[in-house]
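S.K.:
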Amino acid sequence: MSLGIVWVIVIAVVTLLAGVALGFFIARKYMMNYLKKNPPINEQMLRTLMMQMGQKPSQKKINQMMRAMNNQQQK
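Okay, here's the thing in structure tokens:
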């Protein structure tokens, strides 16, 4: 193999690795910002939502709704 082909392969591999690393950090930053702006629903938020809708939330009903939401997310 000539020296030119080796350099082309080395540059291609380095560029690929740099692109993967850069893509990972950009995606990580995007997800961190997204989760900060749109936090996942927790029990307290669900309880507040039910109270605003005029329902008196019991712990049993809260647990049931959280379980249903977690099952829906896993699908």
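For the sequence shown, numbering that gives the first Met the number 0 gives the first residue as 0, with consecutive numbering after it.
The beta-carbon is built from N, C-alpha and C at its ideal position, and this holds for glycine as well.
Please read all numbers here as calculations on a predicted model, not as lab measurements.
Determine the direct distance from the alpha carbon of P38 to that of K59, and round the result to whole angstroms.
M.R.: 23 angstroms
S.K.: Give the DSSP-derived three-state secondary structure of I40 in the structure shown.
M.R.: coil
S.K.: May I have the straight-line CA-CA distance separating M68 from I8, to the nearest angstrom?
M.R.: Approximately 48 angstroms, taken between the alpha carbons.
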